[in-house]
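Please read the structure below before turning to the comments.
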Amino acid sequence: MQSKKFILKLIIFSLFNLAIMASLLLFFSGQNRDIRLKNWETESNLLVAGENEHYDIAILGTSRGRVFSRDSNHLTMENILEKRVINLSKGGGGGLLPAKVHLAHFYRRGNKADHVIYFVDPWIFFCPINNENNTFFLRDEPFETSILFDLIIKRFPSERIISYIQMIAVDDWKKISKYAAPGLDRLTLKAIDPVKLEEARNHYLGLYDYDKFEHYSKFLYDINGLAKEHNSRITYIMLPILMRDFPGAKEVDEKLRAITGKNINGENFINRELSGKTLVHKGTGDKKDIGYYNLIDEMQDRQFFYDHMHFNNRGVAHFTKTYLEPILK
Amino acid sequence: MLFNSLSFALFFVILTGLNFTLPHRFRWMLMLAASYYFYMCWNVGYILLIAASTLITWYAGLQISKTASPNSSISNTNSSNKAKQNLALQESYKKRKRFFLIISLILNLGALLFFKYFNFFTTSLFEISTKFNLFTGHDAPLLHIMLPVGISFYTFQTVSYTIDIYQGKIEPERHLGIFALYVAFWPRIVAGPIERAGKLIPQFRQVVSFDYTTVTDGLRLVMWGMVKKVVIADQIAVYVNQVFDHCQDYTGIPLIIASVLFTIQIYCDFSGYSDMAIGTAKIMGYELTENFKHPYFAASLREFWQRWHISLSTWFRDYVYIPLGGKRVVKWRFYYNLFITFLVSGLWHGANWTFVIWGGLHGIYLIVENILEEFFSKLKSLKNNNSCLDNNKGSVRDRVPSKLQNYIRVAITLFLVNYAWIFFRANSVADAFSITGRMFMFGGENPAAPVVEPSVFILSMALILLLVIVEFKEQSIRIEHYIATLPTGARWSIYTLGLWAIIISTIFGVKQEFIYFQF
Chain Z
52 MQSKKFILKL
62 IIFSLFNLAI
72 MASLLLFFSG
82 QNRDIRLKNW
92 ETESNLLVAG
102 ENEHYDIAIL
112 GTSRGRVFSR
122 DSNHLTMENI
132 LEKRVINLSK
142 GGGGGLLPAK
152 VHLAHFYRRG
162 NKADHVIYFV
172 DPWIFFCPIN
182 NENNTFFLRD
192 EPFETSILFD
202 LIIKRFPSER
212 IISYIQMIAV
222 DDWKKISKYA
232 APGLDRLTLK
242 AIDPVKLEEA
252 RNHYLGLYDY
262 DKFEHYSKFL
272 YDINGLAKEH
282 NSRITYIMLP
292 ILMRDFPGAK
302 EVDEKLRAIT
312 GKNINGENFI
322 NRELSGKTLV
332 HKGTGDKKDI
342 GYYNLIDEMQ
352 DRQFFYDHMH
362 FNNRGVAHFT
372 KTYLEPILK
Chain Y
40 MLFNSLSFAL
50 FFVILTGLNF
60 TLPHRFRWML
70 MLAASYYFYM
80 CWNVGYILLI
90 AASTLITWYA
100 GLQISKTASP
110 NSSISNTNSS
120 NKAKQNLALQ
130 ESYKKRKRFF
140 LIISLILNLG
150 ALLFFKYFNF
160 FTTSLFEIST
170 KFNLFTGHDA
180 PLLHIMLPVG
190 ISFYTFQTVS
200 YTIDIYQGKI
210 EPERHLGIFA
220 LYVAFWPRIV
230 AGPIERAGKL
240 IPQFRQVVSF
250 DYTTVTDGLR
260 LVMWGMVKKV
270 VIADQIAVYV
280 NQVFDHCQDY
290 TGIPLIIASV
300 LFTIQIYCDF
310 SGYSDMAIGT
320 AKIMGYELTE
330 NFKHPYFAAS
340 LREFWQRWHI
350 SLSTWFRDYV
360 YIPLGGKRVV
370 KWRFYYNLFI
380 TFLVSGLWHG
390 ANWTFVIWGG
400 LHGIYLIVEN
410 ILEEFFSKLK
420 SLKNNNSCLD
430 NNKGSVRDRV
440 PSKLQNYIRV
450 AITLFLVNYA
460 WIFFRANSVA
470 DAFSITGRMF
480 MFGGENPAAP
490 VVEPSVFILS
500 MALILLLVIV
510 EFKEQSIRIE
520 HYIATLPTGA
530 RWSIYTLGLW
540 AIIISTIFGV
550 KQEFIYFQF
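So the protein lines, in turn, are chains Z and Y. According to this note's numbering, the first sequence holds residues 52 to 380 in order. According to this note's numbering, the second sequence holds residues 40 to 558 in order.
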């Protein structure tokens, strides 16, 4: 009898507080929807994407994708491609799980993109810090209940969920969203310290969890499914990096080739005329609307980078003109 | 798994449900499994350490008690020969008892020394050696392993258990499962209270059914503990950490504020944890030792230690101070005993000289307090004798109202305790001395940037005021009992406010580890 009384009171108390919580969350959801910023003004995706907008291209990726929109790069890219581009990449190491959350929300708000370009990096297939443990990928996004439920349903760790609820208390979006891109405007990387490169490689290796590879790879199917559902083509591109034999690149390459189409005689090459010279791109075009290009060993010239992996202005322009434009054509 | 986490909430709800629905005979198994699971959430591997400590202590306890009745093997004790045999046998039993006691102590304390103090001792030894040009060019051998969570707490339980059996105070626990539960009982495994076997083990055998009052009292205690920890301690820690971790940048007021705030932080942190531990155990039907009795209202250092971390201070009293001779020795030896006890207590808190100095300071405080007390009592008796001759004259002390005298004593005690906490919190001995040296230097330059938002600071002050009021009120009635006397509307408002204060602080505030988890 006593226990029934207690449980009944506990249920009433819980429901009462859940109602308060739901009311508060709904009240705070979408408070900043009216703010409209451009991709080069902010790192936020929600404040840029808008509602019921049509884009030619939506970019997904990590900070290596984000540099395509920092400073003047976004306009450079749009001018070269002559297309309307939305960049949904996340600096701070956004991986496959974050990319899925951002793409899903982009579509949920009625937006459309003809072509999704996903700049994939090897480490996002191995590092929890780029995926469920990524503290950064919602740091710039205003609070929306739909994203919150997305995180809960996809069983993101409670720390991530809490860090997103914290966005309720953040309203100075411009201020928190503007990140400096060190050296972005420098044209040439003067020198690459091999010791630092080795340190960077070891840094990534230290974060790798090889057991997670298959688990994270499954999110490719979800992303493909999302794109297909919303009539978008999707192309995966492994961006150039100034580190030969990057850990995990081979496995990712095999995985993407397997996912995007079947191999013919072990290799399936697509030859394309790019900027007057013939480049051989490992890739598959078998599966309709899903493409893949492994460009990790291209552009091995340090004048295109401001560090061992991020393009500078020249790198963005060169890559867009030499690779992205032909791929999109 | 922290008490203030979602995973703990889930664990606790499931466990409570099972606790009151499973038949009593399965209860110890459920609690033991829950305790081991709870511990393994911190570190899976170290469960073996607890299991080994449990087995060793349990076996030693049985062996010590087995050897306790030598007379049974001697049928006729009348003859002198038999008496001699009996005496010899008793002597051999005593030796065996001592042997198992020593083995148990060596293994349990050895593990504690190894995991907690190895690096401290080797680095200290190397530092001293280098001054004598020994081991130059060599680094101190260091262990790169994590300190097993709660090792200081459960080791003290196993030690007290063995000594209590040796001294014949308790019977050994024959049921290995129950004993294992005593060692690893989840509400207190990571940071106490340090329970005595005589109090806790019998509770594992008691049939407990759901009691509305006990459960709601326990929940109120858990909530108040969380408010102290999450809402007060964790938030003021921001200021404290900022100043203590960059103490070289500050002089004067910020150092004073930080030291006062740390005094509040450590109390709220540790007493908050204790309230949560005691409250969760209470909900399950177990009563743990009260660990804090409003220590900052103590009017003397002795009283402070009767109110602060009671389970630890009574442990040191019973197993260190009294065996050393306690007070029943010559004066210098009594002072020595006090000093050594507090020095060891300081070292127990952490493998760092800051803790040793903190303990030593308290030892000195108590010695001085004893000397002063003796001096004043002699003075008083002398005055009393004189007052027989002249009734009109009285000392200043006599003219000050006793309540005011008490407040002054409380303030002095608090000041001394606060001063000692600086050594406890400082990152190094040099930092501690730097802080104490510069905290009363005013007019120096402090970083222009505010360490906390003014609104947060004001809110913290309001919460501290609430804490003081509750602490003051609790001297007559405990908060959980007081809330129970309120009308339903007021009670529910308090619960809702408390819950939301915890939720908001958890989400938007700063989360800190429990300070005592590192010990």
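Where is the CB? At the ideal position from N, CA and C, for every residue including glycine. From a predicted model like this one, the values you see are computed outputs, not experimental measurements.
Per the Cβ contact rule, the stretch 151-158 of chain Y is in contact with the stretch 181-194 of chain Y (3 or more Cβ pairs under 8 Å). At a beta-carbon threshold of 8 Å, the residues of chain Y lying near Q53(Z) are F249, D250, Y251, ordered along the chain.
Within 7 Å of the CB of A220(Z), the CB atoms of chain Y belong to F547, in sequence order along the chain. Per DSSP, reduced to three states, the secondary structure at V229(Y) is coil, with no helix or strand assignment. If you draw a 10 Å sphere on the C-beta of L421(Y), you find fewer than 16 other C-beta atoms in it, and that means exposed. Taking F159(Y) as the centre and dropping the five residues before and after it, the same chain places the C-beta of A390 closer than 6 Å to its C-beta, in chain order. Neighbours of N130(Z) across chain Y, judged by C-beta separation under 8 Å, do not exist; the nearest C-beta is about 42 Å away. Across the structure, T311(Z) and I216(Z) are spaced so that their CA atoms are roughly 36 Å apart.
Between F170(Z) and G299(Z), the beta carbon gap of about 16 Å keeps them out of contact (Cβ cut-off 8 Å). In the DSSP assignment, A109(Z) falls within the unbroken beta strand (DSSP E) covering 105-112.
For the 8 Å CB-CB criterion, S544(Y) and D250(Y) do not form a contact. The beta-carbon distance between S298(Y) and N457(Y), rounded to whole angstroms, is 6 Å. This is short enough to meet the 8 Å contact definition. Identification of chain Y residues near F356(Z) by a Cβ-Cβ cut-off of 8 Å yields none; the smallest Cβ-Cβ distance measures about 35 Å. Rounded to the nearest whole angstrom, the CA to CA distance from R121(Z) to G81(Z) is 25 Å. Under DSSP, H166(Z) takes part in a beta bridge, and its partners are I108(Z), R284(Z).
Interface residue (Cβ-Cβ distance to chain Y less than 8 Å): I288(Z) is not classified as such.
Taking 9 Å as the cut-off between beta carbons, the residues of the stretch 523-535 of chain Y near chain Z are W531, Y534, T535, in sequence order.
With a cutoff of 8 Å on beta-carbon distance, G318(Y) and G264(Y) are scored as near each other. Among the CB atoms of chain Z, one or more fall inside 8 Å of the CB of L45(Y).
In this structure, DSSP gives Y344(Z) an extended state, which the three-state scheme calls strand. In this structure, F462(Y) sits near A471(Y), with a CB-CB distance shorter than 8 Å. Between T113(Z) and D172(Z) the beta-carbon gap is near 6 Å, inside 8 Å, which marks them as a contact.
Cβ neighbours of N58(Y) within its own chain (closer than 6 Å, five residues either side excluded): M323. Judged by their CB atoms, F65(Y) and Q102(Y) are not nearer to each other than the 8 Å cut-off. Per DSSP, the beta bridge partners of I137(Z) are A109(Z). Around the beta-carbon of P291(Z), 16 or more other beta-carbon atoms lie within 10 Å, marking it buried. Against chain Z, the CB of V261(Y) has no partner CB under 8 Å away; the residue lies outside that interface. For F42(Y), no Cβ of chain Z is located within less than 8 Å of the residue's own Cβ.
Excluding five sequence positions before and after N82(Y), the CB atoms of its chain that fall closer than 8 Å to its own CB belong to M185, P187, V188, given in chain order. By the C-beta criterion, the stretch 249-269 of chain Z is judged not to be in contact with the stretch 336-356 of chain Z, since fewer than 3 inter-stretch pairs fall below 8 Å. In terms of Cα proximity to L61(Z), the closest of D288(Y), I292(Y), V254(Y) is V254(Y). Secondary structure at V171(Z): strand, using DSSP grouped into helix, strand and coil.
In the assembly as shown, T201(Y) is a buried residue. Its beta-carbon has 16 or more other beta-carbons within 10 Å. Using a Cβ distance threshold of 8 Å, F356(Z) and N363(Z) count as a contacting pair.
Residues of the same chain with their beta carbon placed closer than 7 Å to that of Y375(Y) are lacking, with the five preceding and five following residues left out of the count. Contact residues of the stretch 54-70 of chain Y toward chain Z are F59 (C-beta to C-beta distance below 8 Å).
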